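*Asks:*
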Amino acid sequence: MKLYYTPGSSSLASRIVACEAGLTLEYDKVDLKNRTTASGRNYIKINPKGYVPALALDDGQVLTEVLVVVQFLADQAPQAGLIPQAGTLDRYRVQEWLGFIGMELHKGFAPLWNPLSSDDARRMAVDHLKRRFGFVDRHLEQRAYLVGERFTVADAYGFAILNWTSFHKIDMADHPHLAGYMKRIAERPKVRQALQAEGLVRALADR
Numbered sequence: 187m188k189l190y191y192t193p194g195s196s197s198l199a200s201r202i203v204a205c206e207a208g209l210t211l212e213y214d215k216v217d218l219k220n221r222t223t224a225s226g227r228n229y230i231k232i233n234p235k236g237y238v239p240a241l242a243l244d245d246g247q248v249l250t251e252v253l254v255v256v257q258f259l260a261d262q263a264p265q266a267g268l269i270p271q272a273g274t275l276d277r278y279r280v281q282e283w284l285g286f287i288g289m290e291l292h293k294g295f296a297p298l299w300n301p302l303s304s305d306d307a308r309r310m311a312v313d314h315l316k317r318r319f320g321f322v323d324r325h326l327e328q329r330a331y332l333v334g335e336r337f338t339v340a341d342a343y344g345f346a347i348l349n350w351t352s353f354h355k356i357d358m359a360d361h362p363h364l365a366g367y368m369k370r371i372a373e374r375p376k377v378r379q380a381l382q383a384e385g386l387v388r389a390l391a392d393r
């Protein structure tokens, strides 16, 4: 399998899951501006949506959407315990968090990435995100990870997205449980491995 990725993007969640699961993947870096890959391919021909991640399977099919890719990767190594068994309530709880992260956090950052966004739009986006951060912070007050005491694909996705607060200089002082959660995940050896592979260790240290 080959993962098409861009350093520091949401595709980081997929790399983290692959590392935690002990999976050996090929990696091909994508220049999202020029829509080309490090291997010289036209990325639009691989994923017409134009964004990462995309996971090329051994039979030639391609999976897209980070929520799907992380679940697929976790299911390739069930012994790693990164996602509960399909059909269980715990599986739905993980999917519940994947949906929340995708809709409320991932998309919530969109105005901050848009160079055409007005100052007012940016302030509104940060205010929206901070309200969502408050919800997650309260949830983490009594637990180590999003779904109990075990790291799952939801945490990989959450970590990848929440790490953007550093890039956008969003103050997290009001969310101590969330800040502790991020530190706890960053200290995981396989997460560190993924960060190093994407050249993100220094960025993390600057949080």
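Under my numbering, the first residue of the sequence shown carries the number 187, and numbering increases by one thereafter.
Cβ atoms here follow ideal geometry from the backbone N, Cα and C, with glycine treated the same way.
Note that the structure is a prediction, hence the values are computed from the model and not measured.
Please report how far the alpha carbon of F286 lies from the alpha carbon of P301, in whole angstroms.
*Replies:* 25 Å
*Asks:* Confirm, please, whether the CB-CB distance from L198 to A296 is below 8 Å.
*Replies:* no
*Asks:* Counting beta carbon pairs with one atom in the segment 214-230 and one in the segment 188-198, are three or more of them shorter than 8 Å?
*Replies:* yes
*Asks:* Could you tell me the distance, in whole angstroms, from the CA atom of Y229 to the CA atom of T223?
*Replies:* 6 Å
*Asks:* Tell me the DSSP bridge mates of T223?
*Replies:* V216
*Asks:* Return the chain-ordered list of same chain residues with a C-beta closer than 7 Å to the C-beta of V163, the five sequence neighbours on each side being excluded.
*Replies:* In this structure the chain extends from 187 to 393, so residue 163 is not present and cannot be described.
*Asks:* With respect to the beta strand (DSSP E) encompassing Y331, which residues constitute its N-terminal and C-terminal limits?
*Replies:* For Y331, no beta strand (DSSP E) encloses it, and the DSSP letter there is neither H nor E.
*Asks:* Just verifying my parser: in three-state terms, what is the DSSP assignment at K235?
*Replies:* coil
*Asks:* Between A383 and H292, what straight-line distance do the alpha-carbon atoms span, to the nearest angstrom?
*Replies:* Cα to Cα, the separation comes out at about 22 Å.
*Asks:* Who are the near neighbours of A391 in its chain, counting only those whose CB is closer than 7 Å to its CB and skipping five residues on each side?
*Replies:* The pLDDT assigned to A391 is 46, lower than 50, so where the model puts this residue is not dependable, and the model offers no usable value.
*Asks:* D276 and V333 look like a contact to me (Cβ under 8 Å); what is the Cβ gap, rounded to whole Å?
*Replies:* 7 Å
*Asks:* Could you tell me whether the segment 266-276 touches the segment 335-351, where touching means 3 or more Cβ pairs closer than 8 Å?
*Replies:* yes
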